[in-house]
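**Student:** First, the structure itself, so that you have it in front of you.
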Amino acid sequence: MSILEIKDLHVSIEDKEILKGVNLKMHTGEIHAIMGPNGTGKSTLSAAIMGNPNYTVTQGEILLDGENILELEVDERARKGLFLAMQYPSEIAGITNAEFMRAAMNAKRAEDDKISVMQFLKKLDEKMDLLNMPEEMAERYLNEGFSGGEKKRNEILQLLMLEPTFAILDEIDSGLDIDALKVVSEGVNAMRGDNFGAMIITHYQRLLNYITPDVVHIMMDGRVVKTGDAELAKRLEAEGYEGISQELGIELTEK
Amino acid sequence: MSDTNWNNYLEDIQSFSVNQGEPDWMLNLRLSALEKIKELALPNIERVRFNRWPLTQVADFYEPLTEGAVYSFDETKDSPLIVQNGQTTVIEQLPMSLIEQGVILTDIFTALQEHPQLVKKAYMQLAVKYDEDRLTAFHAAFMNSGIFLYVPKNVVIEEPVEALFFHQANSEANFVKHVLIVAEENSQVTYLERYQTLGTSQTKQTANIMVEVIAKNNATVKFSAIDQLGENVYTYMNRRGHLLKDATINWALGVMNDGNVVADFDSDLIGEGSHAELKAVAISSGKQTQGIDTRVTNYGRHSVGHIIQHGVIREKGTLTFNGIGHIIKGAKGSDAQQESRVLMLSDKARGDANPILLIDENDVTAGHAASAGRVDPDEMYYLMSRGLHKAEAERLVIRGFLGSVIGAIPLKEVRTELTEVIERKLN
Numbered sequence: 001m002s003i004l005e006i007k008d009l010h011v012s013i014e015d016k017e018i019l020k021g022v023n024l025k026m027h028t029g030e031i032h033a034i035m036g037p038n039g040t041g042k043s044t045l046s047a048a049i050m051g052n053p054n055y056t057v058t059q060g061e062i063l064l065d066g067e068n069i070l071e072l073e074v075d076e077r078a079r080k081g082l083f084l085a086m087q088y089p090s091e092i093a094g095i096t097n098a099e100f101m102r103a104a105m106n107a108k109r110a111e112d113d114k115i116s117v118m119q120f121l122k123k124l125d126e127k128m129d130l131l132n133m134p135e136e137m138a139e140r141y142l143n144e145g146f147s148g149g150e151k152k153r154n155e156i157l158q159l160l161m162l163e164p165t166f167a168i169l170d171e172i173d174s175g176l177d178i179d180a181l182k183v184v185s186e187g188v189n190a191m192r193g194d195n196f197g198a199m200i201i202t203h204y205q206r207l208l209n210y211i212t213p214d215v216v217h218i219m220m221d222g223r224v225v226k227t228g229d230a231e232l233a234k235r236l237e238a239e240g241y242e243g244i245s246q247e248l249g250i251e252l253t254e255k
Numbered sequence: 001m002s003d004t005n006w007n008n009y010l011e012d013i014q015s016f017s018v019n020q021g022e023p024d025w026m027l028n029l030r031l032s033a034l035e036k037i038k039e040l041a042l043p044n045i046e047r048v049r050f051n052r053w054p055l056t057q058v059a060d061f062y063e064p065l066t067e068g069a070v071y072s073f074d075e076t077k078d079s080p081l082i083v084q085n086g087q088t089t090v091i092e093q094l095p096m097s098l099i100e101q102g103v104i105l106t107d108i109f110t111a112l113q114e115h116p117q118l119v120k121k122a123y124m125q126l127a128v129k130y131d132e133d134r135l136t137a138f139h140a141a142f143m144n145s146g147i148f149l150y151v152p153k154n155v156v157i158e159e160p161v162e163a164l165f166f167h168q169a170n171s172e173a174n175f176v177k178h179v180l181i182v183a184e185e186n187s188q189v190t191y192l193e194r195y196q197t198l199g200t201s202q203t204k205q206t207a208n209i210m211v212e213v214i215a216k217n218n219a220t221v222k223f224s225a226i227d228q229l230g231e232n233v234y235t236y237m238n239r240r241g242h243l244l245k246d247a248t249i250n251w252a253l254g255v256m257n258d259g260n261v262v263a264d265f266d267s268d269l270i271g272e273g274s275h276a277e278l279k280a281v282a283i284s285s286g287k288q289t290q291g292i293d294t295r296v297t298n299y300g301r302h303s304v305g306h307i308i309q310h311g312v313i314r315e316k317g318t319l320t321f322n323g324i325g326h327i328i329k330g331a332k333g334s335d336a337q338q339e340s341r342v343l344m345l346s347d348k349a350r351g352d353a354n355p356i357l358l359i360d361e362n363d364v365t366a367g368h369a370a371s372a373g374r375v376d377p378d379e380m381y382y383l384m385s386r387g388l389h390k391a392e393a394e395r396l397v398i399r400g401f402l403g404s405v406i407g408a409i410p411l412k413e414v415r416t417e418l419t420e421v422i423e424r425k426l427n
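Residue numbers (the UniProt record's numbering), protein chains in the order written: chain A, 1 to 255; chain B, 1 to 427.
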């Protein structure tokens, strides 16, 4: 079992403090949902965990199995088993989806243990099938000209291929129609197991109808303000963020 | 070099010409060129300074034959092939079926003896003139090896014609190479040439390479090249197409040299409806400078000239792309488009992409795009977030950047080989 622990995390972008002391602990085998109004730092949390150089951690720790990973570069964190499905993945012309994924899978394997083309293609076929992705998407350039929904599916495809220990899904549901949402959820559910943990960042409860979380955290104003089980998400759906913020005496700055 | 007394070479040139059994007109061309070298200026390549490069340094005419074959080739393959090691032609093969149709593929001196009229009509007459500048004159005077490829009217050559030119790094002779390709009316040919320096040398070498492609009415030439001249080789390279009515030349050029290079890749769209597509990729690294002028001149009505060139610069390298689109008055309905991009990978890398449009006719379409920039940090972050090491991510971005040009090259064989050469140059 692996543990990802975030302790008193403070993060700034260009001197503006976004995260003001986040505490959170998750184990493999669990799915956590992070919910909250826009602009409360959910995406900042995901970027800070992954190691985006545009975000500065000013205080606190991120521990993966007890080791502080804040000094590690993004690629080192990835090779240690972290994965971030991005809200806005880059489009890169000239590199096919397949060759990129194969290179990524090989990056954490030893020199004498590279995945064979046959093994790779077999796995790729299987996972693309699961996500209802047409075969030709493997040979298209990485995210280039992909629709919003195709990009999201492609992020989940990478998740399924790379099989990380912990995955963070940053608003993977935004801009998806209900069919695509089901497919993406199926992909994430397929990963469920003792050796996998996921942190699902979302604004809406809708996604959680398809992926049932074990733990739900509510973030407001740069902090986790309430933690509960799947029922908490349902309560949110009924009452909106207003209700919770009034209960906790937090003023919502959104809108 | 301005002190060179060119008359000192008069006798050398005469004796070389006589020894090769050249026709009188060829000797006269050499001598006229020799006389002009001194008064002609170097060609102008915008934003590239090369006046101190040893591009007109005269070395020996001949080089001693190197012992032993350096090229082992698949003898079961009988596709058209010519291999020259320095000045020596080591392999020359042409399937009987093509010989019967009148196709000629041979070294330039044999061609001058056996087909003097065909060579005379085209050699530095149509595409490149001997007295354009100091380097064309130097070439005409000192040319010491080359090939002639002739495709008769209506002949279609299915398999690619390959030429392989080895340059010996420790050679004492200049490498002054001439490639003359004549594609007669309605003919079609695919040609692939490779230049490669063998061995290393501490002394500076001079290379002057000229390629003339004459595409007559409705002829189609697919021209591919992979250039890998060595670190100490100072090269002037001029590839020029001369296109008559409805002729097409597709250029696919990989500029992967390790030394200093100035190059002119030009297409003169003389005939109505003629069409040139040029795709070039280049990598500069180490301390090398490569300056490339790519020009398309539309003379004919409804002629089309497209240029796409992408280059990568590493370490302290310099790479300049000048894309020149020139539409002559009267070339109504013609089209000139170009895209030049360079990607710099280090703080010391220097790159330039200059679009130059000269348009003297109103009824035309023309456009350009150019950029000189660094690797996008967001792209790097995305790739590295999947576990790729920085170097690997960078390699992918570069391959992607060049790949968008390589993907458009029609010959799969060339695409594959070029990709391999790029890997070598990046490691």
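The beta carbon of each residue, even a glycine, is placed where N, CA and C say it ideally should be. Only a predicted model underlies this, so the values are computations on that prediction, with no experimental measurement involved.
Residues of chain A with CB closer than 7 angstroms to the CB of residue 390 (chain B), please, in chain order.
**Tutor:** Those are 75, listed as they occur along chain A.
**Student:** What does DSSP give as the partner residue(s) for residue 373 (chain B) in the beta ladder?
**Tutor:** Paired residues: B:343.
**Student:** Just checking: is the beta-carbon of residue 103 (chain A) within a distance shorter than 8 angstroms of some beta-carbon in chain B?
**Tutor:** True, the Cβ-Cβ gap to chain B drops below 8 angstroms.
**Student:** Would the beta-carbon of residue 216 (chain B) fall within 8 angstroms of that of residue 247 (chain B)?
**Tutor:** A contact, by the Cβ cut-off of 8 angstroms.
**Student:** So with Cβ pairs under 8 angstroms, would you call residue 154 (chain A) a contact of chain B?
**Tutor:** Not one chain B Cβ lies under 8 angstroms of residue 154 (chain A).
**Student:** Taking the C-alpha atoms as reference points, what is the distance between residue 5 (chain A) and residue 67 (chain A)?
**Tutor:** Rounded to the nearest angstrom, the two C-alpha atoms are 10 angstroms apart.
**Student:** Between A:241, A:90, A:202 and A:220, which lies nearest to residue 383 (chain B) when the distance is taken from Cα to Cα?
**Tutor:** Considering only alpha carbons, the answer is A:90.
**Student:** Let me check one thing: in DSSP terms, what residues is residue 322 (chain B) bridge-paired to?
**Tutor:** In the DSSP output, where bridge partners are listed per residue, residue 322 (chain B) has B:293 and B:354.
**Student:** Kindly identify the DSSP beta-bridge partner or partners of residue 16 (chain A).
**Tutor:** DSSP lists A:13 as partners of residue 16 (chain A).
**Student:** Starting from residue 84 (chain B), follow the beta strand (DSSP E) in both directions and report where the run begins and ends.
**Tutor:** Here the beta strand (DSSP E) through residue 84 (chain B) covers 81 to 85.
**Student:** Can residue 282 (chain B) and residue 315 (chain B) be called in contact, C-beta distance under 8 angstroms?
**Tutor:** No; because the gap between Cβ atoms is not below 8 angstroms, this pair is not in contact.
**Student:** So within the region 95 to 134 of chain B, which uninterrupted beta strand (DSSP E) runs reach at least 3 residues, ignoring any that extend past its ends?
**Tutor:** Complete beta strand (DSSP E) runs here, min 3: 104 to 107.
**Student:** Counting Cβ pairs, one atom from each stretch, are 3 or more of them under 8 angstroms apart for the region 11 to 20 of chain A and the region 41 to 54 of chain A?
**Tutor:** At 8 angstroms Cβ cutoff, the stretches touch.
**Student:** Find out if the Cβ-Cβ distance for the pair residue 204 (chain B), residue 54 (chain B) is shorter than 8 angstroms.
**Tutor:** Taking 8 angstroms as the Cβ cut-off, residue 204 (chain B) and residue 54 (chain B) qualify as a contacting pair.
**Student:** Find the residues of chain A that neighbour residue 384 (chain B), judging by a C-beta separation of less than 8 angstroms, and give them in chain order.
**Tutor:** Going along chain A in sequence order, the residues near residue 384 (chain B) (Cβ under 8 angstroms) are 73, 74, 75 and 78.
**Student:** Taking DSSP's pairing of strands, which residues face residue 359 (chain B) in a bridge?
**Tutor:** B:327, per the DSSP bridge assignment.
**Student:** Cβ of residue 262 (chain B) versus every heavy atom of the ligand NAP: is any distance shorter than 7 angstroms?
**Tutor:** This structure lacks the ligand NAP, and indeed carries no ligand of any kind.
**Student:** Rounded to the nearest angstrom, what separates residue 165 (chain B) and residue 367 (chain B) at their Cα positions?
**Tutor:** Approximately 36 angstroms between the Cα atoms of the pair.
**Student:** Using the beta-carbon count (16 or more within 10 Å), is residue 24 (chain A) buried or exposed?
**Tutor:** Residue 24 (chain A) should be labelled buried.
**Student:** State the beta-bridge partners of residue 162 (chain B) as determined by DSSP.
**Tutor:** Partner(s): B:81 and B:192.
**Student:** Can you find the residues in the same chain that come closer than 7 angstroms, C-beta to C-beta, to residue 151 (chain A), ignoring five residues on each side of it along the sequence?
**Tutor:** If we look at residue 151 (chain A) and ignore the five residues flanking it on each side, its Cβ neighbours are 89 and 143.
**Student:** Is residue 255 (chain A) helix, strand or coil when you go by DSSP?
**Tutor:** Its pLDDT being 41, under 50, residue 255 (chain A) is placed unreliably by the model, and the measurement read from it follows with that caveat. Residue state, collapsed to three classes: coil.
**Student:** Which residues, taken in chain order from the region 20 to 54 of chain A, show a beta carbon closer than 9 angstroms to some beta carbon of chain B?
**Tutor:** Those would be 50, 51, 52, 53 and 54, in chain order.
**Student:** Report buried or exposed for residue 199 (chain B), applying the criterion of at least 16 other Cβ atoms within 10 angstroms of its Cβ.
**Tutor:** With fewer than 16 other Cβ atoms within 10 Å, it is exposed.
**Student:** List the residues of chain A that residue 374 (chain B) touches, going by C-beta distances under 8 angstroms, in chain order.
**Tutor:** The premise fails here: residue 374 (chain B) is roughly 15 angstroms from chain A at the closest Cβ pair, so nothing lies under 8 angstroms.
**Student:** Are the C-beta of residue 314 (chain B) and some C-beta of chain A separated by less than 8 angstroms?
**Tutor:** Chain A contact via Cβ: absent.
**Student:** Considering only DSSP beta bridges, list what residue 251 (chain B) is partnered with.
**Tutor:** According to DSSP, which records beta bridges pairwise, residue 251 (chain B) is partnered with B:223 and B:278.
**Student:** Quick one: what's got a C-beta closer than 6 angstroms to residue 26 (chain A)'s C-beta in the same chain, skipping five residues either side?
**Tutor:** The residues are 4, 32 and 197.
**Student:** Output the distance between the C-alpha atoms of residue 57 (chain A) and residue 372 (chain B), rounded to the nearest integer angstrom.
**Tutor:** Residue 57 (chain A) and residue 372 (chain B): Cα-Cα distance of roughly 33 angstroms.
**Student:** For residue 107 (chain A), go through chain B and note every residue whose CB falls closer than 7 angstroms to its CB, in chain order.
**Tutor:** Near residue 107 (chain A) (Cβ distances below 7 angstroms), the residues of chain B are 387, 388, 389 and 392.
**Student:** Output yes or no for whether 8 angstroms exceeds the beta carbon distance between residue 48 (chain B) and residue 294 (chain B).
**Tutor:** No.
**Student:** So does the region 219 to 232 of chain B actually touch the region 181 to 197 of chain B, counting three or more Cβ pairs closer than 8 angstroms?
**Tutor:** Counting Cβ pairs under 8 angstroms, three or more are found: they touch.
**Student:** Give the secondary structure of residue 139 (chain B) by DSSP, where H, G and I count as helix, E and B as strand, and everything else as coil.
**Tutor:** Note: residue 139 (chain B) maps to helix in three-state DSSP.
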